[in-house]
Amino acid sequence: MGTISPTQLDYYEDMWKLESDATLVALVKGEDGRTALVLDRTVFHPQGGGQPADTGFVAVAGSEVKFVVQDVRSKDGVVYHYGMVENCGEGWEAEFEKGKAVVLQVEESRRKLNSRIHSAGHLLDVCVKNVGLGDLKPEKGYHFPQGPYVEYRGIVPQKDVQSKQKELELEANALISRGGKDSTPRIVKMGTNLGCPCGGTHVSDVSEIISVTVSQIRTKKGFTKVFYNVGP
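Next up, the structure:
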């Protein structure tokens, strides 16, 4: 197999799109033995930028054969959809020949949760400034459902940790209640606040985050982690 061209990222232009058509480019085996589909374009968000991968399925057009997407990764611009086939016996590989038309469907509940958590992380960036912690500079975020946090360069004095934790939560929920358009593709904006570039997926309106709980602020070695989660 020769060089594979970069995958066109349809979610990059429309992050709220959950279904699309594509053409199969290759069926490959990863170094870890997992099977992956490579398509010419995709609405699946690969793991990266602190956000977990989408899941869902890829169906062969006009067939009952489905490839269940369990993980999505990107390498050198090529997106690999890892998973397993459904509704097919031996010789299923023939169903996934290069050039076949396929239909992509992203699992909606997972995408929405990941988007809410990711947007909430960016909302906290706004809140730290609003509660007098403007010296904290965002470094990275972990936007997985299990223990999400945003890490900042800078510290919160120990005597202020508890009060700032409460202030952050109150400020975040006040902004959520106020609502406001969140993102245009690739620029994350929280209502009237200035935006920042981001390659992840987000809510369309701040109110869709629903609520935020700030569970802990931890300062260590010149860095501060703000742990949070979103409401059900």
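Here my numbering is used: the first residue of the sequence shown is 349, the next is one more, and so on. Here a beta-carbon is modelled for each residue, glycine too, at the ideal position from N, C-alpha and C. All of these numbers come straight from a predicted model, not from anything done at the bench.
Minimum Cα-Cα distance from residue 477 among the listed residues 391, 575 and 512 corresponds to 512. Its chain contains 469, 472, 489 and 574 as the residues whose beta carbon lies nearer than 6 Å to that of residue 498, once the 5 sequence neighbours on both sides are disregarded; these appear in chain order. It is roughly 10 Å from the alpha-carbon of residue 527 to the alpha-carbon of residue 521.
Counting the other CB atoms within 10 Å of its CB gives residue 459 a total of 16 or more, which places it among the buried residues. Counting the other Cβ atoms within 10 Å of the Cβ of residue 558 gives fewer than 16, which makes it exposed. Note that the C-beta distance between residue 391 and residue 452 is below 8 Å.
Excluding five sequence positions before and after residue 355, the CB atoms of its chain that fall closer than 6 Å to its own CB belong to 390, 426 and 427, given in chain order. At the C-beta level, residue 579 and residue 397 stay beyond 8 Å of one another. Here DSSP, grouped into helix, strand and coil, assigns residue 368 to strand.
In this structure residue 432 is exposed. Its beta-carbon is surrounded by fewer than 16 other beta-carbon atoms within 10 angstroms.
Secondary structure remark: continuous beta strand (DSSP E) runs of at least 3 residues inside the segment 403 to 469, in chain order: 404 to 408, 414 to 423, 426 to 434 and 449 to 454.
DSSP lists no beta-bridge partner residue for residue 496.
Under the three-state reduction of DSSP, residue 357 is assigned to strand. Its Cα nearest to that of residue 524, the residue 556 stands out among 556, 382 and 507. Ranking 562, 474 and 569 by CA distance to the CA of residue 576 puts 562 first. Within a 10 Å sphere around the beta-carbon of residue 404 sit 16 or more other beta-carbons, which makes this residue buried. For residue 387, the uninterrupted beta strand (DSSP E) segment begins and ends at 383 to 387.
Distance from the CA of residue 429 to the CA of residue 352, rounded to the nearest whole angstrom, comes to 14 Å. Under the three-state reduction of DSSP output, residue 515 falls in the helix class. Cα atoms of residue 422 and residue 384: separation of roughly 11 Å, rounded to the nearest angstrom. Per DSSP, residue 504 lies in no beta strand (DSSP E) segment and is marked neither H nor E. Per the DSSP secondary-structure output, residue 521 pairs with nothing in a beta bridge.
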